[in-house]
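Undergrad: Once you know that position 56 of the sequence shown is 55 in numbering that gives the first Met the number 0, the rest is easy, because the numbers rise by one and skip nothing.
My structure is below; once you've seen it, I'll send some questions.
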Amino acid sequence: MRRRTESGECCEAPGVMESSTTNPHKVYEKAETFWSRCSQDEVGMLGGTAVLQVPDVTGSVNFLNVLKRDKIVTNFENALDCGAGIGRVTKHVLMPFFKTVDLVDLVEELLATSAEYIGTDDGIGEKFVEGLQTFEPPKRKYDLIWIQWVSGQLTDQDLTSYLERCIEGLAPNGTIVIKESVSCGGKTLYHDTDGCWTRPESLILKLAENAGLKLIHKTVQTGFPKGLYAVKMIALKPVHPVEEDDD
């Protein structure tokens, strides 16, 4: 699963409504149907807005460089791309930094396409076909877990639970990054087309805090066309750090 960038003016985008009571099982089914029907290319992964590719990749790489420079991310062995789809973020953002990248996505056909899109198996680890609402990352493995445009596919409760499981999946000094569209005015908005929520930044941070994470660094994505929700990149670490193994 992944979260597309919705067009429209901030909280006034067409086809959205305030919602916190929608049956999550029906929402997850809607999301799977939506993404399984999308074109298996960059345009499909970006919700039909191909112009986002270059600034999105540039913004993410710049953010990772800051995390590296400031020693927020210090190890570059294993990363996890959540809602990886065809591997767009894996190929252009994570693989240049990390020795091995694992991918997880709900839609098997998209992960199958990733082999052709990425063009090499060198640096590609495991591929997990599962929704994030039930996925359990391998324990103590990842120096970075990257969650881009997919946190909005989960209910508040399921997002908190998933972040708790991500903490278990972090290696010592591991970091979680959420890159997500955010609403304004303190409202959470539901998008019926692809079954997802756009949350205010304050709620994303609150759910992360509830999961046992603390904010380390954040910035706003730049270079996107006007008329899109703001996109934030948020780096988080566990309140209780993952301890090194005793040898």
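No residue lacks a Cβ here, since even glycine has one placed at the ideal position from N, Cα and C.
#1: Whose CA, out of Lys25, Asp193, Leu162, lies closest to the CA of Glu208?
#2: Output needed for Met232: all residues of its chain with C-beta closer than 6 Å, excluding positions within five of it in sequence on either side, in chain order.
#3: Quick one: what does DSSP say Val60 is sitting in, helix, strand or coil?
#4: May I have the straight-line CA-CA distance separating Ser182 from Gly211, to the nearest angstrom?
#5: Are the beta-carbon atoms belonging to Ala170 and Tyr189 less than 8 Å from one another?
#6: Thinking just about the alpha-carbon of each residue, which of Val238, Pro240, Ala234, Glu242 is nearest to the one in Asn64?
#7: Under 8 Å by Cβ, that's how I've got Gly173 and Leu143 pegged, so tell me the actual separation to the nearest angstrom.
#8: Cα separation between Ala30 and Ser38?
#9: Identify every run of the beta strand (DSSP E) within the segment 22 to 83, keeping only runs that are complete inside it and at least 3 residues long; order them along the chain.
#10: Under the three-state reduction of DSSP, which class applies to Val100: helix, strand or coil?
#11: When we look at the beta-carbon of Val230 and count the other beta-carbons within 10 Å, is it buried (16 or more) or exposed?
#12: What are the start and end residues of the beta strand (DSSP E) that includes Lys236?
#13: Put Asp142 into one of helix, strand or coil per three-state DSSP.
#14: Cutting at 6 Å between CB atoms, please list the residues of its own chain near His116, excluding the five before and the five after it.
#15: Distance, Cα to Cα, Gly43 vs Val26?
#16: On the DSSP bridge assignment, give the partners of Ile117 in chain order.
#17: Give every residue of the same chain whose Cβ lies closer than 7 Å to the Cβ of Cys81, excluding the five residues on either side of it in the sequence, and list them in chain order.
TA: Inspection of the coordinates gives the following:
#1: Leu162
#2: Phe62, Lys178, Thr218
#3: helix
#4: 23 Å
#5: no
#6: Ala234
#7: 7 Å
#8: 14 Å
#9: 77 to 81
#10: strand
#11: buried
#12: 229 to 237
#13: strand
#14: Correcting the residue identity first, residue 116 is Tyr in this sequence and not His. Excluding positions up to five away in sequence, the list reads Ile85, Gly86.
#15: 20 Å
#16: Note: Ile117 sits in no beta bridge, so no partner.
#17: Val103, Leu131, Ile144, Trp145, Ile146, Val149
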